[in-house]
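Let me begin by presenting the structure, written as structure tokens, before commenting on it.
There are 2 protein chains.
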Amino acid sequence: MLFSKSCEYALRATMYLAQMESNEKVGIKVIARDLNIPADYLNKVLQTLVQQQLVSSAKGRNGGFYLTKNELNKPLINIVHAIDGKEVFYRCGLGIKNCSSKKPCPLHNDIKAYRDNIKIALSNNSIASSRSQIDSGEVFLSK
Amino acid sequence: MLFSKSCEYALRATMYLAQMESNEKVGIKVIARDLNIPADYLNKVLQTLVQQQLVSSAKGRNGGFYLTKNELNKPLINIVHAIDGKEVFYRCGLGIKNCSSKKPCPLHNDIKAYRDNIKIALSNNSIASSRSQIDSGEVFLSK
DNA sequence: GTGCTTATATGATCTATGTCATGTTTTTTT
DNA sequence: AAAAAAACATGACATAGATCATATAAGCAC
Ligand code: FES
Ligand code: FES
Chain A
0 MLFSKSCEYA LRATMYLAQM ESNEKVGIKV IARDLNIPAD YLNKVLQTLV QQQLVSSAKG
60 RNGGFYLTKN ELNKPLINIV HAIDGKEVFY RCGLGIKNCS SKKPCPLHND IKAYRDNIKI
120 ALSNNSIASS RSQIDSGEVF LSK
Chain B
0 MLFSKSCEYA LRATMYLAQM ESNEKVGIKV IARDLNIPAD YLNKVLQTLV QQQLVSSAKG
60 RNGGFYLTKN ELNKPLINIV HAIDGKEVFY RCGLGIKNCS SKKPCPLHND IKAYRDNIKI
120 ALSNNSIASS RSQIDSGEVF LSK
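In structure tokens:
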């Protein structure tokens, strides 16, 4: 689709962590089970996010992944940038080099609207913002 | 992005053929050169379209690919369906099974609105419709 | 009809992505 | 100090997608 599978997993996992009490740590197995994601793979993805300081982790017994207040307030788009890079939002939908309004492809306007809309949504919404919607059962992170 | 590379190639190639005079045949090498696409690969993609009766072809000397009047009037979305299937427009952007407004993911609304938009654009526009825009230099099929 | 030019068919190879598996390090518990 | 539990690190494997290559069949020109 728009994002790589790794990125989809990353987004779902961080939104999942956002639901927890502040500083409550969740083990990888629990996250993977709840989200229906292969644990080892998700582990790898989360490590990347830890390195990028978008997610925190604690080793040892009772350790796990969690989000700090600071991390909760970062926009969701940071996750996308960390995993898929910034180019996703600027690639031509027909694969032509240098997507731009100067030399648009026939689908440019429609594609750009789509891309921009998602980009804006992810930029304006913090990781924490999904909390209430998920909590109230309006939206879901897993089937 | 949204479509597979094969599908991107397919869309560009058919729009390219739409520019030709009716029933003018173009060889695969010419198309590939003009669009900067590996010839053998594009060849394979076009064969699929020929099988699906979205593009016509003629063998032998002075043979090549071309579009009939009938084919020119078909909507562009047929190309997408032939190569990527119908699911592209119904897959959840976060990879959750069964994208639906009943059980939406946090990005569903942002994704669906504009995904539908692209789908509608491709459904309402015939293959031939790109002609004038391309011809007048408003839009481009290659860098 | 012979030879050339073209699409067609099929499969091999390469590449990126996703998945699995193993071992190491850190921290807590006892 | 020892043991256990967890993240961390690394690499092997699998799969799908994209690319390349070869051989076959069909049509045109002469
Ligand atoms: S040029 Fe194709 S999407 Fe912008
Ligand atoms: S449920 Fe995720 S895009 Fe529809």
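Residue numbers (numbering that gives the first Met the number 0), protein chains in the order written: chain A, 0 to 142; chain B, 0 to 142. Where is the CB? At the ideal position from N, CA and C, for every residue including glycine.
Note down the Cα distance separating Tyr15(B) from Gly59(B), rounded to an integer number of angstroms.
Whole-angstrom Cα-Cα distance: 21 Å.
Give a yes or no on whether the minimum CB-CB distance between Leu45(B) and chain A is below 9 Å.
no
Is the shortest distance between the beta-carbon of Val54(A) and the beta-carbons of chain B less than 9 Å?
no
Am I right that Glu70(B) and Leu53(B) are in contact with their C-beta atoms under 8 Å? What's the rounded C-beta distance?
6 Å
Backbone CA spacing between Asp109(B) and Asp115(A) [nearest angstrom]
10 Å
With Ser55(A) as the anchor, note down where its alpha helix (DSSP H) starts and where it stops.
From DSSP, Ser55(A) is part of no alpha helix (DSSP H) but of the beta strand (DSSP E) over 55-57.
Give me whichever residues DSSP pairs with Ser25(A) in a beta bridge.
Residue 25(A) is actually Val in this sequence, not Ser. In the DSSP output, where bridge partners are listed per residue, Val25(A) has Phe64(A).
Please list the partners that Lys142(A) has in chain B, where partner means a Cβ-to-Cβ separation under 8 Å.
Ile95, Lys96, Asn97, Lys102
Using 8 Å as the cut-off, can you tell me whether the segment 24-32 of chain A makes contact with the segment 64-83 of chain A, which would need three or more C-beta pairs spanning the two stretches below that distance?
By the Cβ rule, the segment 24-32 of chain A counts as touching the segment 64-83 of chain A, because three or more pairs are nearer than 8 Å.
Cutoff 7 Å; reference Ala127(A); Cβ partners in own chain excluding five residues on either side
Only Ala17, Leu71, Asn72 meet the Cβ criterion.
Quick one: does the C-beta of Ile78(A) sit closer than 8 Å to a heavy atom of ligand 2?
no
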